[in-house]
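Below: the structure, in structure tokens.
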Amino acid sequence: MKAVTRKINLLDMNQQALRDFFASIGEKPFRATQVMKWIYHEGISDFQAMTNLGKALRATLEEKAVIYYPTCITEMPSADGTRKWILEMEDGNHIETVFIPEKGRGTLCVSSQVGCTLNCTFCSTATQGYNRNLTTGEITGQVVFANRTLGIPANAGKLPVTNVVMMGMGEPLMNFDNVIRAMEIMNDDIGCGISRRRITLSTSGVVPAMYRMRDVCDVSLAVSLHAPNDDLRSELVPINRKYPIKELLEACRHYVEGKARRRITFEYIMIDGVNDTRKHAKELARILEGVPAKINLIPFNPFPQSGYRRSKTENTEMFRDILIAAGYTTIIRKTRGDDIDAACGQLVGKVFDRTRRQQKADAKTVSVRGIL
Ligand code: SAH
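Numbering (the working numbering), first residue to last: 1 to 372.
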């Protein structure tokens, strides 16, 4: 296992970097195409099986490089066909990846960090604290792993993962470079071959990174809004204190500006008695005026100690109807995989927490108990 870290992981490289790598070892750059096809289209990670490479090149690759991705330690199938995998990295940290099959497509929910730094009050990943960013290879590796596990079709057939949502553990824009490179590889025809429209990055609103992203990458953008005013949003999504709603929506407008038929997806968790009243719906409709928007209402998924309840179905439907009447495309997201804790906000995994958040939370509970 140790040797792995000293060698170059080819999954960390986009096509250009791989071409440069082959040039640096005295090979023709087109070797990059051959190797990427083996990795991403055929699911091959053994250089000896790459039969169109000469013996000497295979030996050089063995010596200098690896094709490494996290290993699966648990697979949990849900009754609705959703599958959750717990993957372990070299350093023992765990992440979770979820596959959601639907008619005609297969969506993979991919993690970007071990844990998360953001501390949103309704999200179970937050309770785990944070350890580190994932490498590009650990991000693209989730797609390679899923395709391999679900079955690589023969004769260049359609790969099982047709869509990716960067909605697993972590805040993808806090791991900007690795995530952008990973999405390039996912999008590349000789990589995972997923069109830009079928890759969605979800952010809690890291505003400067949204501007940077606009310049380098053109995937679909989803924004975790969850509240129609700063007071409430700052409570639920603390990063709002740094980047309030006005700035966030300005960044959203900028992201889609000049792009025909592009819209931002706004995610809005429905939490009973917190953000789900008629007044909230009207306020939401008002603040989104002028932003090309699509709204996804997400029924809150409970987890131990969350302290919140899911909105009543009739409230969620009332909320949706107000938004539709105001002219917004609005859907209620179907909850998938909640029987295996694979639904939104339920991903946890084993995180060697470096922020000691769990300890601090425990200490707080103890001191509160002390007062009582
Ligand atoms: N950090 C990014 C990526 C995570 S995406 C972001 O915040 O967008 C995961 C989505 O699930 C986000 O919209 C998140 O707000 C939502 N979510 C988190 N906890 C949830 C819960 N308990 N129930 C339902 N949705 C939740």
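Idealized CB from N, CA, C, for every residue including glycine. Only a predicted model underlies this, so the values are computations on that prediction, with no experimental measurement involved.
At a threshold of 7 Å, Pro77 does not count as near the ligand SAH, since its beta carbon sits no closer than that to any of the ligand's heavy atoms. Secondary structure of Gln113 (DSSP, three-state): strand. Close CB contacts of Arg31 within its chain, under the 6 Å cut and outside five residues either way in sequence, are with Phe22 (chain order). Taking every protein chain shown into account, the CB of Pro208 has fewer than 16 other CB atoms within 10 angstroms, so this residue is exposed. The beta carbon of Arg310 sits closer than 8 Å to those of Met270, Ile271, Asp272, Pro299, Phe300, Asn301, Pro302, all from its chain and outside the five residues before and after it, given in chain order. Relative to the ligand SAH, even the nearest heavy atom lies 7 Å or more away from the CB of Asn52.
In the structure shown, Ser220 adopts extended strand secondary structure according to DSSP, grouped into three states.
When beta bridges are read from the DSSP output, Lys279 appears opposite no residue. Excluding five sequence positions before and after Val274, the CB atoms of its chain that fall closer than 8 Å to its own CB belong to Leu232, Leu236, Tyr308, given in chain order. Taking non-hydrogen atoms of the ligand SAH into account, the C-beta of Gly258 is found less than 7 Å away from none of them. When DSSP states are grouped into helix, strand and coil, Leu232 belongs to the helix group. For Ser202, the beta-bridge partners assigned by DSSP are Ala222.
Considering only Gly205, Cys252, Lys28, Gln113, the residue with the shortest C-alpha distance to Ser234 is Gly205.
Shortest Cα-Cα distance from Gly157 to any of Cys192, Ala285, Arg212, Leu18 involves Cys192.
Not a single heavy atom of the ligand SAH lies less than 7 Å from the C-beta of Thr74.
Secondary structure note for His254: its alpha helix (DSSP H) is the uninterrupted segment 245 to 256. Taking non-hydrogen atoms of the ligand SAH into account, the C-beta of Ile190 is found less than 7 Å away from none of them. No Cβ-Cβ contact shorter than 8 Å links Phe266 with Asn315. Gly129 has its CB no nearer than 7 Å to any heavy atom of the ligand SAH.
Its chain contains Arg278, Ala281, Lys282, Ala285 as the residues whose beta carbon lies nearer than 8 Å to that of Ile322, once the 5 sequence neighbours on both sides are disregarded; these appear in chain order. For Arg148, the secondary structure class from DSSP, reduced to helix, strand or coil, is helix.
Note on Asp276: 16 or more other CB atoms within 10 angstroms of its CB, so buried under the neighbour-count rule. Where Thr313 is concerned, the enclosing alpha helix (DSSP H) starts and stops at 313 to 325.
Contact between the stretch 94 to 112 and the stretch 158 to 167 is present: 3 or more CB-CB pairs across the two stretches fall below 8 Å. Rounded to the nearest angstrom, the gap between the Cα atoms of Asp353 and Gly92 is 12 Å. Note that the C-beta distance between Asn147 and Gly43 is below 8 Å. Burial is judged here by how many other beta carbons sit within 10 angstroms of a residue's own beta carbon; His94 has at least 16 and is buried. Sequence-distant Cβ neighbours of Asn131 in its own chain, meaning closer than 7 Å and more than five residues away, are Asn93, Val114, Gly115, Val351, Phe352, Asp353, Arg354.
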